[in-house]
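This report concerns only the one structure given below.
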Amino acid sequence: MRSILRRRGAVVAALSAGALALASGSASAASALIPVSATSSLSVYSTTHTRDGKVGIPNLSFGDAIVADCWDRGDNISNHGNVWYHTISERYITSTGRELFVTGWTYGAYVDGNDAFHSGDIPEC
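One rule links them: number in this note's numbering = place in the sequence shown (from 1) + 11.
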């Protein structure tokens with residue numbers, strides 16, 4: 012009887028671990044590569060409010076890209092809306108070709124004119 016309970020416990024643990032891996036896999040599947048199509052220089056901020064400052068990496072420009080996993084509301088800059096993308100990496104395609112994995116927030120209007128938000132490519136945070 013004990014060996015049956017142990018095997019059942021092992022099966023439950025394996026199924027739980029599999030479900031956890033599947034859950035974390037689906038979260039990353041929601042991430043989207045968003046090319047920077049706006050012509051203004053794009054900064055990565057520590058929050059959705061510019062007053063809280065930048066994260067300390069170089070600005071992105073037209074032709075670069077971000078990887079974002081969700082959007083949220085924040086500052087409305089120059090009446091372009093209040094949509095901010097939660098950025099999990101930055102790809103400097105036009106300058107160095109490198110990718111940085113610095114988490115922060117980018118202003119949607121300056122990334123792609125809020126296209127990823129309007130098309131539903133990323134969910135709300």
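In this text, a Cβ means the ideal position worked out from N, Cα and C, and glycines have one as well. Nothing here was measured: the structure is a model prediction, and the numbers come from that model.
### Message
Assuming contact is defined by CB atoms lying nearer than 7 Å, are I133 and C81 in contact in what I supplied?
### Response
What you label residue 133 is simply residue 122 of the sequence shown in a count that begins at 1. What you label residue 81 is simply residue 70 of the sequence shown in a count that begins at 1. Cβ atoms of I133 and C81: closer than 7 Å.
### CA nearest to the CA of F112, picked from Y121, V47 and A76
Here the question's residue 112 lines up with position 101 in the sequence shown. Of the candidates Y121, V47 and A76, the one whose C-alpha sits nearest the C-alpha of F112 is A76.
### Query
What's the C-alpha gap between R109 and Y103?
Counting from one through the sequence shown, the residue named residue 109 turns up at place 98. Counting from one through the sequence shown, the residue named residue 103 turns up at place 92. R109 and Y103: Cα-Cα distance of roughly 5 Å.
### Query
Within 10 angstroms of its Cβ, does G64 collect 16 or more other Cβ (buried), or is it exposed?
In the sequence shown, the residue the question calls residue 64 occupies position 53. Of the residues assessed, G64 falls on the exposed side of the cut-off, its CB having fewer than 16 other CB atoms within 10 angstroms.
### Message
For V94, list the residues DSSP reports as bridge partners.
### Response
For the purposes of this step, residue 94 is taken as residue 83 along the sequence shown, with counting starting at 1. Within the DSSP secondary-structure output, V94 pairs in a beta bridge with R84.
### Task
Could you pull the start and end residues of the beta strand (DSSP E) that A43 belongs to?
By one-based count along the sequence shown, residue 43 stands at place 32. A43 -> beta strand (DSSP E) spans A43 to P46.
### Query
Roughly how many whole angstroms lie between the Cα atoms of A34 and D86?
Looking up residue 34 in the sequence shown gives position 23. Looking up residue 86 in the sequence shown gives position 75. Its pLDDT being 36, under 50, A34 is placed unreliably by the model, and nothing is read from it.
### Task
May I ask you to report which of helix, strand or coil DSSP gives V78?
Within the sequence shown, numbered from 1, the residue matching residue 78 stands at position 67. The answer is strand: DSSP assigns V78 an E or B state.
### Task
Would you kindly work out how many angstroms separate the C-alpha atoms of Y56 and W116, rounded to a whole number?
Taking the sequence shown and counting its residues from 1, the one referred to as residue 56 is at position 45. Taking the sequence shown and counting its residues from 1, the one referred to as residue 116 is at position 105. Taking C-alpha positions only, Y56 is separated from W116 by approximately 5 Å.
#### Entry: Option nearest S72 by Cα separation, candidates H60, F128 and T107
Sequence index remark: in the sequence shown, residue 72 carries index 61 (1-based). Ranking the options by Cα distance to S72, first place goes to T107.
### Any alpha helix (DSSP H) of 4 or more consecutive residues that is wholly inside the segment 101-128
With a minimum length of 4 residues, the continuous alpha helix (DSSP H) runs that stay inside the segment 101-128 are 119-123.
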